[in-house]
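J.: This is the structure I want to talk about, given as structure tokens.
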Amino acid sequence: MASSQKRITKELAEVTSDPPVGIKVSLVDESNVHNWNVILDGPPDSPYAVCLLSHTSSSLANSKLIQGGKFKLLLVLPTEYPFKPPVINFKTRVYHPNITFDDKGSMCIGILKAEAWKPSSKILSVLTATQQLLSEPVPDDALESAIAEKFKSDRKDFNAEAKKYTKQYATGK
Amino acid sequence: MPPPNTPRRSSSVDSAAQSHLDYLDLDLGEAVPNIPTSAYSLSPSAPRQQHLHLGVDRQPGGSLNRLPEPNLPHTVDFRGLNYADTVDENLLCPICRVPMVEPVDTACDHTFCKDCITEAFKYSNLCPIDRFSLTNTDLHKAHKIVTNQLDALLVLCPCCTSPVPRAMILNHLERYCKDALVRCPGQACRDTVKRKLYGRGCLHYDVSCPDCNMIMQQLEMADHRERDCQERLKDCSHCGDVILRCKEDGHLEKCQYVPASCEWAEYGCDYESRRKDLAEHADVCAFKFVGPMATILKKEINNLRSEVRTLTEKDHIKERRIKFLEGGFGGQRDTDRPLDYADLPSQSLSNLADSSHADPLDSGHEYLLSLVEAQETKVDRLSAGMTELEAKQTMMLFNETIQIKNELAEMRSSQQVLSMHVRWLLNFRRQENQRRFGAGPSSGGGTDGGGSSHDMPFPRRLSDTMNRDLVTKL
Ligand SMILES: [Zn+2]
Ligand SMILES: [Zn+2]
Ligand SMILES: [Zn+2]
Ligand SMILES: [Zn+2]
Ligand SMILES: [Zn+2]
Ligand SMILES: [Zn+2]
Ligand SMILES: [Zn+2]
């Protein structure tokens with residue numbers, strides 16, 4: 334399918350030449366455009382960002398001192414792309430209702446569901462949707478029901494847990 | 044992009060991993076020399092160059108046999124083309140993300156490449172943009188405005204990279220592109236060459252590079268010596284600049300440090316120095332006045348000489364003609380005796396101009412031959428002119444029609460709006476009349492049924508909003 338490769342190459346060029354804030358993309362293997370490494374910065378207003386100067390001077394803490402956690406993702410484009418949706422897995426562990434809390438890091442997101450996928454959607458919009466999911470979990474469509482439960486009942490505790498795991502895992506290493 | 048035009052014999056139609064060749068797939072499978080000549084008779088370079096090539100075979104009788112045209116069928120992958128400018132986002136196919144190829148509209152008013160939407164239907168029958176349920180029969184050719192805009196997009200020719208309107212690219216490749224491949228003019232050769240090299244005959248033989256001794260085909264030699272050869276550079280022994288070995292002769296002609304002789308050397312000045320110092324000498328040269336004069340005189344003499352030559356030629360032709368005519372009258376001559384002009388009374392005439400015409404059979408045939416030759420060159424010139432004109436005309440026509448078509452479509456749509464308005468007005472008028480004159484509900488016409496005059500505002504308002512919709516859409 335030469336034409337699907339052409340489209341992927343074009344989208345890759347678009348994303349790398351004009352990268353959106355907090356999203357970095359590279360190929361896993363230069364000779365294969367179907368597998369992308371993605372590094373997603375946790376949104377600053379979410380528990381997936383870490384404050385560098387933790388509690389010492391909270392009054393001075395401004396946005397510069399807050400750094401998004403670095404979440405590694407693997408984006409796989411099927412050979413039938415764009416007729417079949419891409420598959421995204423979190424390689425970094427995330428404490429999140431819609432992302433499985435295991436080695437797979439499977440993610441549940443509306444636009445990627447087979448019955449909702451539109452071939453006209455771009456990879457870029459998939460990535461920004463993923464970023465959006467970190468800011469706004471959807472507990473009613475959860476993969477981790479325990480985390481979803483906590484998100485709904487005790488937001489403070491949820492935030493603390495999420496922050497803890499972000500600090501532990503989302504270091505970009 | 045990789046170097047285009049890598050010769051390739053594609054007997055198999057594999058779309059293999061050589062992706063860089065995909066955009067230009069030359070099919071040489073059945074392309075052996077016997078294409079009907081007439082189909083290509085207006086090709087730009089052919090007739091003249093065939094003369095060059097056939098120089099050897101051009102004996103009388105053989106001279107009218109033409110080689111088949113060297114054109115090859117070209118196919119272009121429209122999705123692989125590069126465009127000269129950035130293309131309007133609206134002309135890009137939402138599926139393959141390149142300017143649409145054979146655009147079709149769906150029932151939900153979206154436009155895709157025909158191939159793309161057909162491919163999409165293999166996976167689901169939903170519109171790739173709004174997931175509207177579709178079938179194959181819901182596809183219609185896109186509006187002419189769209190196809191015209193697409194056709195007019197400038198693409199870079201995959202061979203010569205010059206910008207060409209997309210609709211013309213095949214025509215360009217098959218007829219005009221200097222870098223497109225054509226069949227090699229070599230009689231036994233089955234290979235291909237760029238059109239611009241066609242006139243140089245078959246270049247598919249091995250030679251060794253004079254600079255590095257590498258062996259390769261003559262075809263690649265020029266590029267090799269200019270770009271790839273390890274030994275291609277040297278220092279000029281006179282000025283020290285780094286120059287290409289293959290361009291050394293050209294450089295030496297201009298190099299300011301090469302010893303050269305005075306401008307007027309041929310008239311007797313024997314001054315010699317480096318080229319850059321000649322300017323100083325020019326002011327003091329003893330020949331600085333005589334030189335220019337001599338040059339003018341020389342030119343004049345040459346002009347006269349060539350005039351004399353043409354006159355002599357004309358004279359020859361006339362003489363042959365006379366001989367020929369006389370030969371025609373000499374039909375009474377013996378059949379077993381060769382034609383001999385010595386018998387004819389006009390012999391003195393021919394002797395006057397040229398006594399070297401000793402061969403008795405010569406003149407008549409030669410005269411005809413010269414006529415044929417003259418006609419041939421005329422025809423060549425004409426057909427070259429024709430091709431040029433044709434190309435110009437196609438371009439002009441193309442540009443004009445696109446404009447006209449666009450205008451037409453615009454007019455058509457505004458006409459639709461107008462007729463909409465008129466229909467609405469008529470309707471309004473009719474209803475108005477009905478209200479005024481139609482006393483009872485029964486006279487309101489069959490369509491309204493039991494509708495009384497109070498029902499009137501509904502259809503009116505409906506058409507009104509429809510109308511407004513239409514206007515805003517436009
Ligand atoms: Zn398309
Ligand atoms: Zn649609
Ligand atoms: Zn060209
Ligand atoms: Zn050849
Ligand atoms: Zn060489
Ligand atoms: Zn020099
Ligand atoms: Zn001189």
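Which chain is which? The protein sequence lines are W and Z, in order.
FYI, in the numbering used here the residues of the first sequence are 334 to 506.
FYI, in the numbering used here the residues of the second sequence are 44 to 517.
Glycine included, C-beta positions come from ideal geometry on N, C-alpha and C.
(1) Report, in whole angstroms, the separation of the C-beta atoms of histidine 367 of chain W and valine 409 of chain W, which I expect to be a contact under 8 Å.
(2) Can you tell me which residues fall inside 6 Å of ligand 7, judged by beta-carbon distance to its nearest heavy atom, and keep chain order?
(3) Which chain W residues are close to isoleucine 286 of chain Z, counting only those with a beta carbon under 9 Å from its beta carbon?
(4) Report the three-state DSSP secondary structure of phenylalanine 330 of chain Z (helix, strand or coil).
(5) Which residues in chain Z have a C-beta closer than 9 Å to the C-beta of phenylalanine 416 of chain W? List them in chain order.
(6) Using a Cβ cut-off of 8 Å (strictly closer), state whether glutamate 413 of chain W contacts chain Z.
(7) Expressed to the nearest angstrom, what Euclidean distance is found between the alpha-carbon atoms of aspartate 326 of chain Z and glycine 334 of chain Z?
(8) Give the DSSP bridge partners of tryptophan 369 of chain W, in chain order.
(9) Please indicate yes or no: does the CB of alanine 127 of chain Z lie closer than 7 Å to some heavy atom of ligand 3?
(10) Taking 8 Å as the CB-CB cut-off, is arginine 122 of chain Z touching chain W?
(11) Does isoleucine 432 of chain W come out as helix, strand or coil in the three-state DSSP assignment?
(12) Taking just the CA atoms, how far does aspartate 351 of chain W sit from serine 167 of chain Z?
(13) Listed from N- to C-terminal order along the chain, which residues in the region 172–197 of chain Z have their beta-carbon within a distance smaller than 9 Å of any beta-carbon of chain W?
(14) If serine 453 of chain W sits next to isoleucine 172 of chain Z, beta carbons under 8 Å apart, how far is it from one beta carbon to the other, in whole angstroms?
(15) Using DSSP bridges, identify the partner residues of valine 383 of chain W.
(16) How about leucine 467 of chain W and proline 353 of chain W: are their beta carbons less than 8 Å apart?
(17) Decide if valine 465 of chain Z is buried, meaning its Cβ has at least 16 other Cβ atoms within 10 Å, or exposed.
(18) Please confirm if leucine 69 of chain Z has its CB atom under 8 Å from at least one CB of chain W.
(19) Helix, strand or coil for lysine 221 of chain Z, going by three-state DSSP, please let me know.
(20) Pick helix, strand or coil for serine 426 of chain Z, following the three-state DSSP scheme.
(21) Cysteine 156 of chain Z bridges to which residues according to DSSP?
(22) Would you identify the three-state DSSP class for isoleucine 286 of chain Z, choosing helix, strand or coil?
(23) Give every residue of the same chain whose Cβ lies closer than 7 Å to the Cβ of alanine 308 of chain Z, excluding the five residues on either side of it in the sequence, and list them in chain order.
(24) Alpha carbon to alpha carbon, what distance is there between glycine 443 of chain W and alanine 481 of chain W?
(25) Which residues in the same chain as phenylalanine 155 of chain Z place their Cβ atom closer than 8 Å to its Cβ, once the five residues preceding and following it in sequence are excluded?
(26) What does DSSP give as the partner residues of phenylalanine 423 of chain W in its beta bridges?
(27) Check whether chain Z comes within 8 Å of arginine 340 of chain W, counting only Cβ atoms and requiring the distance to be less than that.
(28) Which two residues bound the contiguous alpha helix (DSSP H) that contains threonine 463 of chain W?
(29) What residue does the beta strand (DSSP E) around arginine 518 of chain Z start on, and which one ends it?
(30) Quick check on asparagine 125 of chain Z: does DSSP put it in helix, strand or coil?
(31) Comparing the CB of leucine 445 of chain W with every heavy atom of ligand 3, is any distance shorter than 7 Å?
(32) I'd like the list of long-range same chain contacts for aspartate 254 of chain Z, defined as Cβ closer than 7 Å, with 5 residues on each side in sequence excluded.
(33) Looking only at C-alpha atoms, which of W/Tyr502, W/Glu494, W/Phe416, W/Leu406 sits nearest to valine 358 of chain W?
(34) Hey, is the region 428–448 of chain Z in contact with the region 185–199 of chain Z, meaning 3+ C-beta pairs nearer than 8 Å?
(35) When you check each C-beta in the region 342–362 of chain W against every C-beta of chain Z, which residues fall closer than 8 Å?
(36) For aspartate 284 of chain Z, is the beta carbon positioned less than 7 Å from some heavy atom of ligand 6?
T.: Concretely, from the data shown:
(1) If you number the first sequence from 1, residue 367 of chain W lands on position 34. If you number the first sequence from 1, residue 409 of chain W lands on position 76. Histidine 367 of chain W to valine 409 of chain W, Cβ: 6 Å. Contact.
(2) Proximity to ligand 7 was defined by a C-beta distance below 6 Å to any of its heavy atoms, and the residues meeting it, in sequence along the chain, are Z/Cys305, Z/Trp307, Z/Cys312, Z/Tyr314, Z/His324, Z/Cys328, Z/Phe330.
(3) As a working mapping, residue 286 of chain Z is identified with position 243 in the second sequence. Close partners of isoleucine 286 of chain Z in chain W (Cβ separation under 9 Å) are lacking, with about 39 Å as the shortest Cβ gap.
(4) Residue numbering aside, residue 330 of chain Z sits at position 287 when the second sequence is read from its first letter. Phenylalanine 330 of chain Z falls in the coil class under three-state DSSP.
(5) By one-based count along the first sequence, residue 416 of chain W stands at place 83. By Cβ distance, chain Z contributes Ile138, Glu162, Ala163, Lys165, Tyr166, Ser167, Pro171.
(6) Sequence index remark: in the first sequence, residue 413 of chain W carries index 80 (1-based). Yes, glutamate 413 of chain W lies at the interface with chain Z (some Cβ there is under 8 Å from its Cβ).
(7) Here residue 326 of chain Z refers to the residue found at position 283 when the second sequence is read from its first residue. Here residue 334 of chain Z refers to the residue found at position 291 when the second sequence is read from its first residue. Looking at the two C-alpha atoms, the distance is approximately 12 Å.
(8) On the first sequence, position 36 is the one that residue 369 of chain W refers to. Note: tryptophan 369 of chain W sits in a beta bridge opposite W/Leu360, W/Leu408.
(9) The residue labelled residue 127 of chain Z in the question sits at position 84 within the second sequence. False, no ligand heavy atom lies under 7 Å from that Cβ.
(10) Here residue 122 of chain Z refers to the residue found at position 79 when the second sequence is read from its first residue. For arginine 122 of chain Z, the answer is yes, since a Cβ of chain W falls inside 8 Å of its Cβ.
(11) Translated into positions along the first sequence, residue 432 of chain W becomes position 99. Secondary structure at isoleucine 432 of chain W: strand, using DSSP grouped into helix, strand and coil.
(12) Locating residue 167 of chain Z in the second sequence gives position 124, counting from the first residue. Locating residue 351 of chain W in the first sequence gives position 18, counting from the first residue. The alpha-carbon of serine 167 of chain Z is positioned some 32 Å away from that of aspartate 351 of chain W.
(13) For the region 172–197 of chain Z, residues whose beta-carbon sits nearer than 9 Å to a beta-carbon of chain W comprise Ile172, Asp173, Arg174.
(14) Residue 453 of chain W sits at position 120 when you count from the first residue of the first sequence. Residue 172 of chain Z sits at position 129 when you count from the first residue of the second sequence. Correct: roughly 5 Å between the Cβ atoms.
(15) Residue 383 of chain W sits at position 50 when you count from the first residue of the first sequence. Answer by DSSP bridge pairing, in chain order: W/Gln400.
(16) Here residue 467 of chain W refers to the residue found at position 134 of the first sequence. Here residue 353 of chain W refers to the residue found at position 20 of the first sequence. Against a cut-off of 8 Å, the Cβ pair of proline 353 of chain W and leucine 467 of chain W comes out as no contact.
(17) Your numbering for residue 465 of chain Z matches position 422 in the second sequence. Result: exposed.
(18) To locate residue 69 of chain Z, count along the second sequence from 1; it is residue 26. Residue placement at leucine 69 of chain Z is flagged as unreliable, the pLDDT there being 41, under the threshold of 50; a coordinate-derived value is accordingly withheld.
(19) Residue 221 of chain Z sits at position 178 when you count from the first residue of the second sequence. Coil, per DSSP.
(20) For this step, residue 426 of chain Z is matched to residue 383 along the second sequence. It is helical.
(21) Numbered from 1 along the second sequence, position 113 holds the residue referred to as residue 156 of chain Z. Answer is Z/Pro146, bridged to cysteine 156 of chain Z.
(22) Stepping through the second sequence from its first residue, residue 286 of chain Z is reached at position 243. Isoleucine 286 of chain Z: strand per DSSP, three-state reduction.
(23) Mapped onto the second sequence, residue 308 of chain Z falls at position 265. Excluding sequence neighbours, alanine 308 of chain Z sits near nothing in its chain.
(24) Taking the first residue of the first sequence as 1, we reach residue 481 of chain W at position 148. Taking the first residue of the first sequence as 1, we reach residue 443 of chain W at position 110. In a straight line, the C-alpha of alanine 481 of chain W is about 17 Å away from that of glycine 443 of chain W.
(25) Taking the second sequence and counting its residues from 1, the one referred to as residue 155 of chain Z is at position 112. Sequence-distant Cβ neighbours of phenylalanine 155 of chain Z in its own chain, meaning closer than 8 Å and more than five residues away, are Cys136, Pro137, Ile138, Met143, Pro146, Val147, Thr149, Ala163, Pro171.
(26) Working through the first sequence from its first residue, we reach residue 423 of chain W at position 90. Note: phenylalanine 423 of chain W sits in a beta bridge opposite W/Leu406.
(27) If you number the first sequence from 1, residue 340 of chain W lands on position 7. So, interface residue.
(28) Position 130 of the first sequence, counted from the first residue, corresponds to residue 463 of chain W. It spans 456–468 - the alpha helix (DSSP H) in which threonine 463 of chain W sits, taken as one unbroken run.
(29) An answer regarding residue 518 of chain Z cannot be provided, because it is not within the stretch 44 to 517 covered by chain Z.
(30) As a first step, residue 125 of chain Z must be located in the second sequence, where it is residue number 82. The answer is strand: DSSP assigns asparagine 125 of chain Z an E or B state.
(31) What you label residue 445 of chain W is simply residue 112 of the first sequence in a count that begins at 1. Here the distance from the Cβ of leucine 445 of chain W to the nearest heavy atom of ligand 3 is not below 7 Å.
(32) Taking the first residue of the second sequence as 1, we reach residue 254 of chain Z at position 211. So the list reads Arg268, Cys272, Glu274, Arg275, Arg288, once near-sequence residues are dropped.
(33) As a working note, residue 358 of chain W is residue 25 in the first sequence. Valine 358 of chain W has its Cα closest to that of W/Leu406, out of W/Tyr502, W/Glu494, W/Phe416, W/Leu406.
(34) Touching, yes, given that three or more Cβ pairs across the two stretches are closer than 8 Å.
(35) Along the region 342–362 of chain W, the positions whose C-beta sits under 8 Å from a C-beta of chain Z are Lys343, Glu344, read in chain order.
(36) Translated into positions along the second sequence, residue 284 of chain Z becomes position 241. It does: the Cβ of aspartate 284 of chain Z is within 7 Å (strictly closer) of some heavy atom of ligand 6.
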